[in-house]
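To keep things clear, I will list the structure first and then write my remarks on it.
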Amino acid sequence: MQYIHAVSLVVPEYDAAIAFYCGQLGWQLAEDVDQGRKRWVRILPPGAQQGSLILARAEGAAQEAVIGNQFGGRVGLFLATDDFARDHAAMLAKGVIFEEEPRHEPYGTVAVWRDPFGNRWDLIQFA
């Protein structure tokens, strides 16, 4: 068996990213290990058992340049939910910016949102 354990997300600072994802959105801080010049920071959405994000602090101009554009302007991250209406309303109440109204597609209900660093996400409930 294989599965994707985690995906790195380049962010400007660890604590700002933790404050947004874990503080504002209520994600779980699974690991925060000091490694000297960097930290191993792994977070999970509420209720998730796998499929985590590694928050990676940008080091140097090349990495700083990709913050918010790691996917070339496309949606590159997909947050699946079992209740779109509940989570959409909760995210709006927490100040999350959605780029569009929810739409119904053959594969499910979806809306694009951005984190404070510019990364584009889909909130999606699969059909």
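Using UniProt numbering, the letters of the sequence shown map in sequence onto residues 1 to 127.
Beta carbons are placed, not taken as given, at the ideal position from N, Cα and C, and that holds for glycine.
All values derive from a computational prediction rather than experimental measurement.
Proximity to residue i [Cα-Cα], best of the options
| i | options | result |
| --- | --- | --- |
| R39 | G51, E13 and G26 | E13 |
Reduced DSSP secondary structure (H/G/I, E/B, other) of residue i
| i | result |
| --- | --- |
| I67 | coil |
| D32 | strand |
| G108 | strand |
Contact under 8 Å by Cβ, residue i with residue j
| i | j | result |
| --- | --- | --- |
| D61 | I67 | At residue 61 the sequence reads Ala, which differs from the Asp that was named. No; because the gap between Cβ atoms is not below 8 Å, this pair is not in contact. |
| Y107 | Q50 | no |
| W121 | F78 | yes |
| V41 | L55 | yes |
| Q28 | I43 | yes |
For residue j and residue i, the rounded distance between their alpha carbons
| i | j | result |
| --- | --- | --- |
| I124 | R74 | 15 Å |
| F20 | T81 | 19 Å |
| E99 | W113 | 6 Å |
| A89 | A65 | 32 Å |
| E31 | T109 | 31 Å |
| P46 | M1 | 24 Å |
| G23 | V10 | 18 Å |
Kindly provide the ranges of any alpha helix (DSSP H) runs that are 4 or more residues long and lie completely inside the region 39-105, ordered along the chain.
61-66 and 84-93
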